[in-house]
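Novice: For the sequence shown, full-length UniProt numbering assigns the number 1 to the initial residue and increments by one for each residue that follows. No residue lacks a Cβ here, since even glycine has one placed at the ideal position from N, Cα and C.
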Amino acid sequence: MRRCGMGICSYIREEIQVIRDRDPALKSDLKALLYPSFRAILLHRIAHRLFSSALAIPVWRQKNGN
Numbered sequence: 001m002r003r004c005g006m007g008i009c010s011y012i013r014e015e016i017q018v019i020r021d022r023d024p025a026l027k028s029d030l031k032a033l034l035y036p037s038f039r040a041i042l043l044h045r046i047a048h049r050l051f052s053s054a055l056a057i058p059v060w061r062q063k064n065g066n
């Protein structure tokens with residue numbers, strides 16, 4: 001049984017397929033998960049979803065106030 005939401009599971013499968021299509025040397029789906037671009041896009045989409053939601057997310061400021 002899958003525990004992740006259908007949106008994120010289908011997104012991960014789609015991104016893995018795109019990476020496999022663009023890199024013929026890739027031999028397994030697991031290696032696609034290790035690509036820096038995959039992690040960057042996944043984290044960006046998660047951050048965007050949190051930012052767009054009605055949840056209050058605390059913003060941590062640096063010690064110098066910037």
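Which residues in the same chain as Ala25 place their Cβ atom closer than 8 angstroms to its Cβ, once the five residues preceding and following it in sequence are excluded?
Specialist: The residue you call residue 25 lines up with position 25 of the sequence shown. Closer than 8 angstroms at Cβ, skipping near neighbours: no residue.
Novice: In this structure, how does DSSP classify Leu34 when only helix, strand and coil are distinguished?
Specialist: For this step, residue 34 is matched to residue 34 along the sequence shown. If DSSP states are grouped into helix, strand and coil, Leu34 belongs with coil.
Novice: Does the beta carbon of Leu34 fall short of 6 angstroms from some heavy atom of the ligand COA?
Specialist: With respect to small molecules bound, the structure shown includes none, and the ligand COA cannot be examined in it.
Novice: Please state the DSSP three-state secondary structure of Leu43.
Specialist: Looking up residue 43 in the sequence shown gives position 43. Reduced to three states, the DSSP call for Leu43 is helix.
Novice: Give the straight-line distance between the Cα atoms of Gln62 and Arg49, rounded to the nearest whole angstrom.
Specialist: In the sequence shown, counting from the first residue as 1, residue 62 sits at position 62. In the sequence shown, counting from the first residue as 1, residue 49 sits at position 49. Because Gln62 sits at a pLDDT of 49, beneath the cut-off of 50, its placement in the model cannot be relied upon, and the following sentence gives the value as read from the coordinates. Between Gln62 and Arg49, the C-alpha separation is close to 24 angstroms.
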